[in-house]
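Quick note on full-length UniProt numbering: the sequence shown kicks off at 1 and runs consecutively. Ideal Cβ positions, reconstructed from N, Cα and C, are used throughout, including at glycine. Small disclaimer: the values here were computed from a predicted structure and weren't measured.
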Amino acid sequence: MKFPKMLLEKKKPGKLNCLSNTIVLPNFLVPFTQSKPSFTAFPSTLPVSPQLSQPCLRIFSLDSVAYTKLIQFSAKSESLIQGKLAHAHMIKTAFKPCLFLFNNMLNMYGKCGEMRTAQKLFDRMPKSSVISYNILISGYAEMGSYDKAIGMFSEARMACLKLDKFSYAGVLSACGQTGDLEVGKVIHGMAVVCGLVRQVFLTNLFIDMYCKCGKVDQARLLFESSDGLDIVSWNSLIAGYVRVGAYEETLELLIKMHQTGLSLNSFTLGSAFKACSSNLVNMIDYGKTLHGYTVKLGLNSNVVIGTALVDMYVKTGFSDYAIQIFRTIPDQNVVAFNAMIAGFIQIEAISKECASEAFNLFSQMQRRGINPSNFTFSSMIKLCNQIKAFEYGKQIHAQICKNNIQSDEFIGSTLIELYSLLGSSEDQFKCFNSTPKLDIVSWTSMIAGHVHNGNFESALALFYELLASGKKPDEFIMSTMLGACADLAAERSGEQVQGFALKTGLGVFSIVQNSQISMYAKSGNITSARLTFDEIKNPDVVSWSVMICSNAQHGHAADALNLFELMKSYGIFPNHITFLGVLTACSHGGLVEEGLRYYESMKNDYGMKTNVQHCACVADLLSRSGSLVDAENFILNSGFKDNPVMWRALLSSCRVYKDTVIGKHVAEKVIELDPQESSSYVLLYNIYADAGMESPARKIRELMEHRGIKKEPGQSWIELGNKVHSFVVGDVSHPMSHLIYKKLEEMLEKIRKIGYADQNLVSSHSRAEVKGISMVNHHSEKLAATLGIISLPQSASVKVMKNLRVCHDCHTAMKLFSKVEKREIILRDPLRFHHFRGGSCSCNDYW
């Protein structure tokens, strides 16, 4: 190691004219020297080197006390540079430190986070003690290297050293952080054998370890059997109960602690307020009582307690109380601001006022000179994602880059989500690749972003990349992947994901099981979806809701309603999604009276507030049955008359019942509310076209061209083996196009003989032709179904998915295809499934 230039500037040979008689020490050395330190003095006449005929400058070492003070000061101030300078001076002067000084150097490197250097120093020490091992154990535990901490503890035992309570402290911290209960129990047994377990210091550590491992009952047993407990013991157990969500037990223990005469400090009350922030009945009342007790003790001005109160009131919906308390905190710090901001974000349906308040708090803390933490930035990005304030999110991203904290994994995950919501795959990948420590949350955000944007193939590729990286997926990623397979209707890929989930033990999580039901149902396999549902031991409300909605989509209205009644008999309270499935089933099944009865029951019997989706189902239910006037009146009185979704449901039925008068009026209303939605124009065009009103239909086409409205292109796809094949209308890009068109023409010729007639005016592109053949005959679903018929064995069902509603011509053709080819064809559009068998459809032509 080179001698630091700041300690001594040595002139080159031949350039030395004069030398001072003293060494000028750096500033950090001065406080530890005497007024006239002898070790800095040099004689007035320097010895001369016979080789160079020049004066030789001798370097003198400090004594052990001076070096110790230097190293201790560096450790206290966490100044790694100063500590290394002092260490370098020892090496340069060949000073041999004693064991006490060696341990101080180990401690200095540990405090400065240089555990690799500390380990090298330890390995070269001529002698070590239990203190040396304790320093390394504690250092590794603080740095998060828990395996190394446990390893050093084992080495200390093998060295036959007499371990003390500090040896156990570091290794118990490692066990608690990793949740390694087995090792923790072994350590507990060692402490009992060594006779150290009765020390309250260790008792507290064991209680904390058991709590962090989720074994609060064992912690309570140790607590009850120990003597000489102090306030730390009580606080550790109380925090343990809070950690596992045992909030009622927390308050019971708090009362018992108060009865023993111990004073409640800020840590105790902080844990208690956290327990009171739960949504359990009467918990907020206990919180208010504790708040009064805090005011009585005069602790309400404490910043820690004030922050805990803010957090409690915000989480329980008392935002006004939280704001009042926040304003009374005398020394507001970043933690207090974070609690306030995070509270606004946790509100389920965040309002513009709450969002504005959160943004104001963020600006206010910056104006006061309070530096936002990583948690602050992460919370603000989450807020931007919730309210879709993407431009503001970009500005916060710029501040994150300015503070050079974009590598934080939590911030990285929120940024990935931000750009996925924006639909910017390039920026999403940049944030993903710039996060050095990619945890499972980052991967989940990345995969979920691709699923959100419809890039299902990319999501699957990322999942395989995750597996190749050696990281273990969690239940949320498995649920996301099953959701991607469901949206893509890739049943084969979904089965592989399911197999992996079962193999890794993740298949037992309800979130995975529920996603598995949805995957099978959306892939057209309602039988496997029901088998999965039946295998769940304790299905929750989500499981029931998914199964009910799946049956509704497949047109099994009776099965959906039977499941709903069975669910109620088990005492499971339905939610909004459950009723949405029930109303959808009634709408698709034409069960008008049942649907209206369930709608009223939802409001009156369960006290639920209906949303636009429920009302749209009722409007669809009435309009499908031909009650167009009743449907229009319902929309006007529903409270959602300005929502285009409501009117669009009625417009679709106007075409079915060929009511051009109401259809024109409804279409004008929809176009007024949502002028950029192409489906409204197309529906009105089809109404005029079906009625033979070519002039109004042509005007609609001209209006679309004038406003730049383009119909969303229809796309259909089918999974064969491990590959998904996609088609658009008139597609000739597929390698098997020649065979597909040849087989399609054969099937069309067969069904023409049994009554099928080509329909040339069924959609906005019905007059267009490709290679002289009307495009309606070459719709994407027909091409995909033909490929399935060519490629799959006779016994296999042909499952086709489409992004738009199936047209009448294709619906008729599919029924006849199933008859002449003697096989089942399953077609999924955005609203429901059509099962074609023997010339009929499961929807009974009611869709």
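Between the CA atoms of residue j and residue i - distance to the nearest angstrom
{"i": "F432", "j": "I381", "result": "15 Å"}
{"i": "F463", "j": "V232", "result": "45 Å"}
{"i": "F344", "j": "L136", "result": "42 Å"}
{"i": "F727", "j": "A784", "result": "7 Å"}
{"i": "N722", "j": "N575", "result": "37 Å"}
{"i": "S475", "j": "L466", "result": "Residue identity differs from the one stated: residue 475 is Glu in this sequence, not Ser. Each residue's Cα considered, the two are about 14 Å apart."}
{"i": "K315", "j": "S680", "result": "42 Å"}
{"i": "R243", "j": "S266", "result": "17 Å"}
{"i": "G139", "j": "C98", "result": "21 Å"}
{"i": "G83", "j": "F122", "result": "16 Å"}
{"i": "T444", "j": "V645", "result": "32 Å"}
{"i": "E417", "j": "S378", "result": "11 Å"}
{"i": "T660", "j": "L628", "result": "12 Å"}
{"i": "K753", "j": "H811", "result": "17 Å"}
{"i": "A468", "j": "S425", "result": "22 Å"}
{"i": "K568", "j": "L251", "result": "34 Å"}
{"i": "D809", "j": "H779", "result": "10 Å"}
{"i": "P330", "j": "S301", "result": "7 Å"}
{"i": "T504", "j": "K799", "result": "30 Å"}
{"i": "G626", "j": "Y657", "result": "7 Å"}
{"i": "E593", "j": "W647", "result": "21 Å"}
{"i": "M125", "j": "F100", "result": "11 Å"}
{"i": "T328", "j": "A308", "result": "13 Å"}
{"i": "residue 857", "j": "H738", "result": "Outside the displayed range of the chain (1 to 847) lies residue 857, so it cannot be described from this structure."}
{"i": "residue 908", "j": "K430", "result": "A question about residue 908 goes unanswered here, because the residues of the chain that appear run from 1 up to 847."}
{"i": "K185", "j": "V193", "result": "12 Å"}
{"i": "G369", "j": "V304", "result": "20 Å"}
Among the options, the one whose alpha carbon lies nearest that of residue i
{"i": "Q259", "options": "W234, S271, S266 and A239", "result": "W234"}
{"i": "G590", "options": "T578, Y606 and A619", "result": "A619"}
{"i": "E114", "options": "E78, N134 and S132", "result": "E78"}
{"i": "H835", "options": "E821, V820 and M814", "result": "M814"}
{"i": "Q428", "options": "G412, I440 and P436", "result": "G412"}
{"i": "K165", "options": "V200, A616 and I284", "result": "V200"}
{"i": "M143", "options": "K537, A118 and M158", "result": "A118"}
{"i": "S678", "options": "S716, L422 and M704", "result": "M704"}
{"i": "S652", "options": "Q676, E495, V682 and V310", "result": "V682"}
{"i": "K394", "options": "F326, M340, S420 and P473", "result": "S420"}
{"i": "V670", "options": "D642, R655, L827 and L181", "result": "D642"}
{"i": "I789", "options": "L422, I740 and S373", "result": "I740"}
{"i": "A174", "options": "F564, R367 and I187", "result": "I187"}
{"i": "N404", "options": "H452, N374 and E353", "result": "N374"}
{"i": "residue 857", "options": "T532, G524 and G494", "result": "Nothing about residue 857 can be reported from this structure: the residues present for the chain run from 1 to 847 only."}
{"i": "V729", "options": "C354, N777 and L254", "result": "N777"}
{"i": "H614", "options": "A697, Y606 and Y599", "result": "Y599"}
{"i": "S797", "options": "H87, G524 and S61", "result": "G524"}
For residue j and residue i, believed in contact at Cβ under 8 Å, the rounded distance
{"i": "L205", "j": "A239", "result": "Going by Cβ atoms, the distance from L205 to A239 rounds to 13 Å, so no, they are not a contact pair."}
{"i": "C276", "j": "L290", "result": "7 Å"}
{"i": "A484", "j": "L460", "result": "6 Å"}
{"i": "G555", "j": "S842", "result": "4 Å"}
{"i": "L622", "j": "F634", "result": "6 Å"}
{"i": "A501", "j": "N551", "result": "That pair is no contact at about 24 Å."}
{"i": "H450", "j": "S458", "result": "5 Å"}
{"i": "I687", "j": "G663", "result": "4 Å"}
{"i": "S543", "j": "S515", "result": "Contact doesn't hold; Cβ gap of about 11 Å is too wide."}
{"i": "R837", "j": "E821", "result": "The pair is not a contact, with the Cβ atoms about 11 Å apart (cut-off 8 Å)."}
{"i": "A202", "j": "A191", "result": "What sits at residue 202 in the sequence shown is Leu, not Ala. Indeed they touch by this definition, with Cβ atoms about 6 Å apart."}
In DSSP terms, what residue i is bridged to
{"i": "F727", "result": "S716"}
{"i": "H835", "result": "I826"}
{"i": "M801", "result": "W717 and R828"}
{"i": "C841", "result": "F836"}
Interface flag, residue i vs chain C, CB-CB below 9 Å
{"i": "L561", "result": "Here chain C cannot be found, since the structure has a single protein chain."}
**Request:** Give, in chain order, every unbroken run of the beta strand (DSSP E) that is at least 3 residues long and sits entirely within the region 658-684.
**Result:** Taking 3 residues as the minimum length, the region 658-684 contains no beta strand (DSSP E) run wholly inside it.
**Request:** Only counting runs of 4 or more residues, tell me where the alpha helix (DSSP H) segments fall wholly within the UniProt repeat "PPR" (230-264), in order along the chain.
**Result:** With a minimum length of 4 residues, the continuous alpha helix (DSSP H) runs that stay inside the UniProt repeat "PPR" (230-264) are 231-243 and 247-259.
**Message:** Report the start-end ranges of each alpha helix (DSSP H) in the region 399-473 that is 4 residues or longer and not cut off at the edges.
**Reply:** Listed in chain order, the complete alpha helix (DSSP H) runs (minimum 4 residues) inside the region 399-473 are 409-422, 425-433, 440-452 and 456-468.
**Request:** With a floor of 4 residues, list each alpha helix (DSSP H) that falls wholly inside the region 539-589, ordered by position along the chain.
**Result:** Counting only runs of 4 or more, we get 541-553, 557-569 and 576-589.
**Prompt:** Quick one: complete alpha helix (DSSP H) runs, 4+ long, within the region 479-545?
**Reply:** Within the region 479-545, the complete alpha helix (DSSP H) segments at least 4 residues long are 491-503, 510-522 and 526-535, listed from N- to C-terminus.
**Request:** Within the region 325-372, note down every full alpha helix (DSSP H) run reaching 4 residues or more, in order along the chain.
**Result:** Counting whole runs of 4 or more residues, the region 325-372 contains the alpha helix (DSSP H) stretches 334-345 and 352-367.
**Prompt:** Taking only runs of the alpha helix (DSSP H) that begin and end inside the region 131-179, which ones reach a length of at least 4 residues, in chain order?
**Reply:** Listed in chain order, the complete alpha helix (DSSP H) runs (minimum 4 residues) inside the region 131-179 are 146-158 and 165-178.
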